[in-house]
Amino acid sequence: MMTDEIILRVEDIHKRYGENEVLKGVSFDVQRGETKVFIGPSGTGKSTLLRCINQLTVPDSGYIWLNGEEVTHAGPRINQYRQKIGMVFQNFNLFDHLTALGNVEIALLRVKKMNRQEARKKALMELEQVGLSDKVNSYPAELSGGQAQRLSIARALAMDPEVILFDEPTSSLDPELTREVLEVMRRLARNGMTMLIVTHEMGFALSVANEILFMEHGLIVEKGPPSEIPTSQNFTRTRQFLGSFQD
Amino acid sequence: MTMLNFDFELLLPVLYQGALVTFGLILVSAPFGFLNGILIAVGRVYGNRFISTLCHGYVLFFKGCPLLLLLFIIYFGLPSIGITFTAFTSAVIGFILCNGAYNSEYLRGGIQSIPSGQMTAALSLGMSRNQAIRNVILPQALRRSLPGLSNEFIYLIKYSSLAYMITVVEITGAGKTFATKYFAFFEIFILIGLFYLGLVTIAGYVIGRVEKRIAIPGFGRK
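In the order they appear, the protein sequences are chains A and B.
In this text, residue positions in the first sequence follow UniProt numbering: the first is 1, and each later residue adds one.
In this text, residue positions in the second sequence follow UniProt numbering: the first is 1, and each later residue adds one.
Below is the structure:
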């Protein structure tokens, strides 16, 4: 599913909070249809990096390019780019006052300016994609964590994004609910969705990723295809990190 | 009715006229006071430093100024710098300014109680900040502020009687004039008291219905 077409370019991103330099120059390219998984110790800037990509956090320096257009310094046009960059959050961040259907519909109506019928049709389709057809009229508080996260994936998918950022999508779910969310993500990857994922689910990362990027202290220190992790020189630090996982 | 030293037939039209004015004051002031509150609250939370400070100053000023004094300034004071309003308009302006200041405090609390992830998620879908405020933040903040806002509405019903002090003949004023003429303060003021009690009770009932109507399962229970 991966093509040579570079859809997202991240170039030398720096971000500092006071004394603490969270990102110290991060660069990588993303090809259409690719799944990149970011792993590494907590507090090494993985989530900040994702938020810099859609400018929810504005980097101090560096560039983000989406399909060759600069996303950094886009001014008000950033809203157009954000439609193309979906995001899924650890805490779901569902709109609590709207039903499942409303959560998916709202941006279609207000941002894409679809009419009611179009929006409804599209939203119902996305809800079906994530297996929530029977929860259309439920409010977020009435959903399990797994259902809530699948709903937030549907909400992101409805915008027809070029790439989806997953910020620890399963970190607040128990193993059973984690599985149902990962299943949806796995299917997305298979269908050629471009995805950047921050996760601690190593089994999932290894089986789904085209590339694993190990981050530490604000830098990508090791990267490569997951198949190389057990043996390659490139993954010494990653092996050490994963080893400490298994203990 | 022999103990009454006035004719009920004469009193009723007077009170009726007054009640109409009272309704007028409330029905014009409440919606604008509500809108005013939203603008001030949004300005305070989301405005740049200048707007936010301005809105904060507004709230401090109008919360600090006794309403009666405010009405005096608008009706008796402003003409001396060339700005003249009718008594009714002056009262409505005063009520909107004051009501808005208090409403904005409840709304600000409501807005600030909404987790920041709601705004983040809205922006991540491509909404502008304004769209996010209108479609995501305010619908939730309003629900959370409703108990405070309804309190403020009930205050408005009662302090509408202050309009009498700047010559608006609303129900309290109408009753006072009548009572003075027939020396029947007790009966008439009790009657007017019951009128306000009735209004407040009805308002409370309606607000309760609204609250139920817009309630969302599980919302606000975090």
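From the three backbone atoms N, C-alpha and C, an ideal C-beta is built for every residue, glycine too.
Three-state secondary structure (DSSP) at residue i?
i                     : result
residue 23 (chain B)  : helix
residue 12 (chain A)  : strand
residue 211 (chain B) : helix
residue 45 (chain B)  : helix
residue 115 (chain A) : coil
residue 222 (chain B) : Confidence in residue 222 (chain B) is poor, its pLDDT being 49 and thus under 50, which makes the residue's placement unreliable; the coordinate value appears in the next sentence. It is coil, neither helix nor strand.
residue 71 (chain A)  : coil
residue 20 (chain A)  : strand
residue 170 (chain B) : coil
residue 215 (chain A) : strand
residue 125 (chain A) : helix
residue 191 (chain B) : helix
residue 247 (chain A) : Confidence in residue 247 (chain A) is poor, its pLDDT being 42 and thus under 50, which makes the residue's placement too unreliable to answer from.
residue 31 (chain A)  : strand
residue 166 (chain A) : strand
residue 89 (chain B)  : helix
residue 1 (chain B)   : In this prediction, residue 1 (chain B) has a pLDDT of 46, which is less than 50 and means its spatial position is unreliable; what the coordinates show is noted afterwards. Coil, per DSSP.
residue 204 (chain B) : helix
residue 232 (chain A) : coil
residue 139 (chain A) : coil
residue 255 (chain A) : Limits of chain A in this structure are 1 at one end and 247 at the other, which puts residue 255 (chain A) out of reach.
residue 28 (chain B)  : helix
residue 59 (chain B)  : helix
residue 26 (chain A)  : strand
residue 144 (chain A) : coil
residue 6 (chain A)   : strand
residue 127 (chain B) : coil
Compare the beta carbon distance of residue i and residue j with 7 angstroms and say whether it is the shorter of the two.
i                     : j                     : result
residue 195 (chain A) : residue 35 (chain A)  : yes
residue 46 (chain A)  : residue 219 (chain A) : no
residue 88 (chain A)  : residue 38 (chain A)  : no
residue 148 (chain A) : residue 161 (chain A) : no
residue 244 (chain B) : residue 110 (chain B) : With chain B covering only 1 through 222, there is no way to say anything about residue 244 (chain B).
residue 33 (chain A)  : residue 192 (chain A) : yes
residue 132 (chain A) : residue 151 (chain A) : yes
residue 25 (chain B)  : residue 159 (chain B) : no
residue 136 (chain B) : residue 101 (chain B) : no
residue 108 (chain B) : residue 44 (chain B)  : yes
residue 9 (chain A)   : residue 60 (chain A)  : no
residue 61 (chain B)  : residue 97 (chain B)  : no
residue 64 (chain A)  : residue 78 (chain A)  : no
residue 4 (chain A)   : residue 219 (chain B) : no
residue 216 (chain A) : residue 234 (chain A) : no
residue 121 (chain B) : residue 103 (chain A) : no
Between the options, which lies nearest to residue i when the distance is taken from Cα to Cα?
i                     : options                      : result
residue 229 (chain A) : A:211, A:16, A:158 and A:28  : A:211
residue 163 (chain A) : A:4, A:16 and A:67           : A:67
residue 201 (chain A) : A:169, A:223 and A:136       : A:169
residue 175 (chain A) : A:99, A:144, A:187 and A:225 : A:144
residue 124 (chain A) : A:93, A:157, A:43 and A:64   : A:157
residue 151 (chain B) : B:99, B:168, B:141 and B:66  : B:99
residue 213 (chain A) : A:239, A:62, A:101 and A:190 : A:239
residue 168 (chain B) : B:8, B:71, B:41 and B:35     : B:71
residue 159 (chain A) : A:111, A:129 and A:171       : A:111
residue 22 (chain A)  : A:29, A:12 and A:7           : A:12
residue 147 (chain B) : B:106, B:156 and B:122       : B:106
residue 112 (chain B) : B:49, B:63 and B:41          : B:41
residue 155 (chain A) : A:119, A:177 and A:233       : A:119
residue 146 (chain A) : A:180, A:122, A:134 and A:6  : A:180
residue 47 (chain B)  : B:140, B:81, B:154 and B:130 : B:130
residue 34 (chain B)  : B:93, B:11 and B:184         : B:93
residue 200 (chain B) : B:162, B:153 and B:188       : B:153
residue 196 (chain B) : B:17, B:23 and B:11          : B:23
residue 138 (chain B) : B:31, B:39 and B:10          : B:39
residue 166 (chain B) : B:57, B:76 and B:56          : B:76
residue 36 (chain B)  : B:128, B:55 and B:115        : B:55
For residue i and residue j, which I take to be in contact (beta-carbon distance under 8 angstroms), what is that distance rounded to the nearest angstrom?
i                     : j                     : result
residue 29 (chain B)  : residue 88 (chain B)  : Actually they are not in contact, since the Cβ atoms of residue 29 (chain B) and residue 88 (chain B) sit about 11 angstroms apart, beyond 8 angstroms.
residue 204 (chain B) : residue 192 (chain B) : Actually they do not touch by this definition, with Cβ atoms about 19 angstroms apart.
residue 8 (chain B)   : residue 182 (chain B) : Residue 8 (chain B) to residue 182 (chain B), Cβ: 11 angstroms. No contact.
residue 171 (chain B) : residue 19 (chain B)  : 5 angstroms
residue 90 (chain A)  : residue 171 (chain A) : 5 angstroms
residue 90 (chain B)  : residue 74 (chain B)  : 4 angstroms
residue 82 (chain A)  : residue 126 (chain B) : 4 angstroms
residue 186 (chain B) : residue 14 (chain B)  : Residue 186 (chain B) to residue 14 (chain B), Cβ: 17 angstroms. No contact.
Could you name the residues of the stretch 100–123 of chain A whose beta carbon sits closer than 7 angstroms to any beta carbon of chain B, in the order they occur along the chain? Answer in chain order: 106, 107, 110 and 111.
Short-range partners of chain B found in the stretch 135–156 of chain A, where Cβ spacing is below 9 angstroms: The stretch 135–156 of chain A vs chain B, Cβ under 9 angstroms: 138, 139, 140, 141, 142, 152, 155 and 156.
Chain-ordered residues of the stretch 175–208 of chain A with a beta carbon less than 9 angstroms from chain B: If you check each beta-carbon in the stretch 175–208 of chain A against every beta-carbon of chain B, none falls closer than 9 angstroms.
Along the stretch 124–139 of chain B, where does the CB come closer than 7 angstroms to a CB of chain A? Name the residues. So the list reads 124, 125, 126, 127, 128, 131, 135, 136 and 139, given in the order they occur along the chain.
Using a Cβ-Cβ cut-off of less than 9 angstroms, give me the residues of the stretch 176–198 of chain B that come near chain A, in sequence order. Listed in sequence order: no entries.
Taking only beta carbons into account, state which residues of the stretch 88–100 of chain A come closer than 7 angstroms to chain B, listed in chain order. Listed by position, the residues of the stretch 88–100 of chain A near chain B (Cβ gap below 7 angstroms) are 89, 91, 93, 95, 96 and 97.
Determine which residues of the stretch 52–70 of chain A have a Cβ less than 7 angstroms from any Cβ of chain B, and write them out in chain order. Residues of the stretch 52–70 of chain A with a C-beta less than 7 angstroms from any C-beta of chain B: 54 and 56, listed in chain order.
Chain-ordered residues of the stretch 104–120 of chain B with a beta carbon less than 8 angstroms from chain A: Near chain A, meaning a CB-to-CB distance below 8 angstroms, the residues of the stretch 104–120 of chain B are 115, 117, 118 and 120.
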